[in-house]
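Residue numbers (the UniProt record's numbering): 1 to 456.
Ideal Cβ placement from N, Cα and C applies to all residues, glycine included.
Note that the structure is predicted; figures quoted are calculated from it, not measured.
Okay, structure coming up:
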């Protein structure tokens, strides 16, 4: 074989010539490296071995070997994955555990589990179930300790929510005694009671009051006096104002001030900053969607899990009626003939640059609330003569309308022999009654539903 100049030998000789201070041991090492490299080259046959030394294109059986490169994106993904898996203890040490639990939750096929286990991507089912049992025992032991501590302090630290669960087990291979089954059960969840006042759920105080029979002294008047009516009235005023600001496009910009008042001035107990609501996936049910009743129940179930209850339609109707009555009160307060004139009225004021200020609108909302959305206005509607008119401001008095008469025609002239009866039914109150039941019921509805608006 033809001898070639070895780059490693040249490098060793170059270092030896310029390193006069090197000892004999260094020279022996250089000689060993030179002989080992030369022997390695002579053991290779053909031009393929020589090409590795000189960096010439490789050939195999006189055929040029083309070097292929992977796409840069694949190389980058592989490098990033290596970095993540190398330094992340959750991905490196517990990734197989997480995948094992995930396969159990998804009820993966046994072949998928076996392949993933052979690849090292997951642990065995027995190990995964052991991990789940360990986690459950650990969490249950901590829960018992905390509940025990709460019992010692006579306070409630957890609240519990339970619901029924179902699991459909499908038989893939038929046989005697093998059939599809629907397993039903009940699952419970313990929820920690956070962000509450100390002693709010003190059982010792509750039991002591029960033993002293303090509930016998509880009266409606005491409950009434404990209610912060000024705060409720202020909240109702803001809701009344919000309806107008949402309805009139030119006043939409003022709605931010109402929201800010709700968040600051009239907020009694706001959620902690940074509080995050947990997202819960929708659960399954055992309804048969092929049946009409089953489809309805399934839809109601999924909507209810998304906080869309079946009674939402009735709530929407009541909310629409309430907002319509509030807008009609705004019409009376402004002095218009129809609620649709409200938009046109404020639009004209906007063109003239005469839109009312926020304080003026809030004062109008206060007048509407005190006139139509209070218990005093309800009593005034039922017995206006009993209330002292001198103590009621003129802006809070009801405007007097005309008497309403309901006319119902019973029967029609079908022939000369038919007897037609045309009657006029006029509802009359008692001689001593001077109020208005329709107005009182409307006031009571607006007052009660304004509380539900705040609760929602």
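Whole-Å CB distance - residue i paired with residue j, under 8 Å assumed
i           : j           : result
residue 122 : residue 109 : Residue 122 to residue 109, Cβ: 13 Å. No contact.
residue 250 : residue 350 : 4 Å
residue 58  : residue 65  : 4 Å
residue 149 : residue 156 : Contact flag wrong, Cβ pair sits at about 12 Å.
residue 158 : residue 192 : 6 Å
residue 366 : residue 237 : 5 Å
residue 368 : residue 340 : That belief does not hold up - the Cβ atoms of residue 368 and residue 340 are roughly 18 Å apart, past 8 Å.
residue 398 : residue 362 : Going by Cβ atoms, the distance from residue 398 to residue 362 rounds to 22 Å, so no, they are not a contact pair.
residue 231 : residue 266 : 7 Å
residue 247 : residue 317 : Not confirmed; about 18 Å, so no contact.
residue 444 : residue 378 : 5 Å
Assigned exposure category for residue i - 16 Cβ within 10 Å defines buried
i           : result
residue 76  : exposed
residue 210 : exposed
residue 329 : buried
residue 352 : exposed
residue 437 : exposed
residue 314 : exposed
residue 414 : Residue confidence for residue 414 is low, a pLDDT of 47 falling below 50, so the modelled location carries little weight; the figure read from the coordinates is stated next. By the 10 Å Cβ count, residue 414 comes out exposed.
residue 253 : exposed
residue 346 : buried
residue 245 : buried
residue 271 : exposed
residue 446 : buried
residue 322 : buried
residue 224 : exposed
residue 128 : buried
residue 235 : buried
residue 182 : exposed
residue 197 : exposed
residue 100 : buried
Residue i - containing alpha helix (DSSP H), residue span
i           : result
residue 381 : 375–382
residue 450 : 437–455
residue 341 : 341–351
residue 358 : 358–372
residue 243 : 229–247
residue 255 : 255–263
residue 266 : Taken as a continuous stretch (DSSP letters only), residue 266 belongs to no alpha helix (DSSP H), as it is neither H nor E.
residue 223 : 220–226
Q: Answer yes if the region 164–173 comes into contact with the region 129–144, meaning at least three C-beta pairs across the two stretches below 8 Å, and no otherwise.
A: no
Q. Three or more C-beta pairs closer than 8 Å, one from the region 352–370 and one from the region 229–244: is that the case here?
A. yes
Q) Hey, which unbroken runs of the alpha helix (DSSP H) at 4 residues or more fall wholly within the region 56–131? A) 72–87, 89–92, 95–106 and 110–118
(Q) With three or more beta-carbon pairs closer than 8 Å as the criterion, would you say the region 362–374 touches the region 446–454? (A) yes
Q | Inter-stretch contact (C-beta, 8 Å, three-pair minimum) for the region 111–128 and the region 92–101 | A | yes
Q. For the region 215–227 against the region 318–328, are there 3 or more C-beta pairs whose distance is under 8 Å?
A. no
Q. Can you give, in chain order, each stretch of the beta strand (DSSP E) that sits fully within the region 135–210 and has at least 3 residues?
A. 158–169 and 181–192
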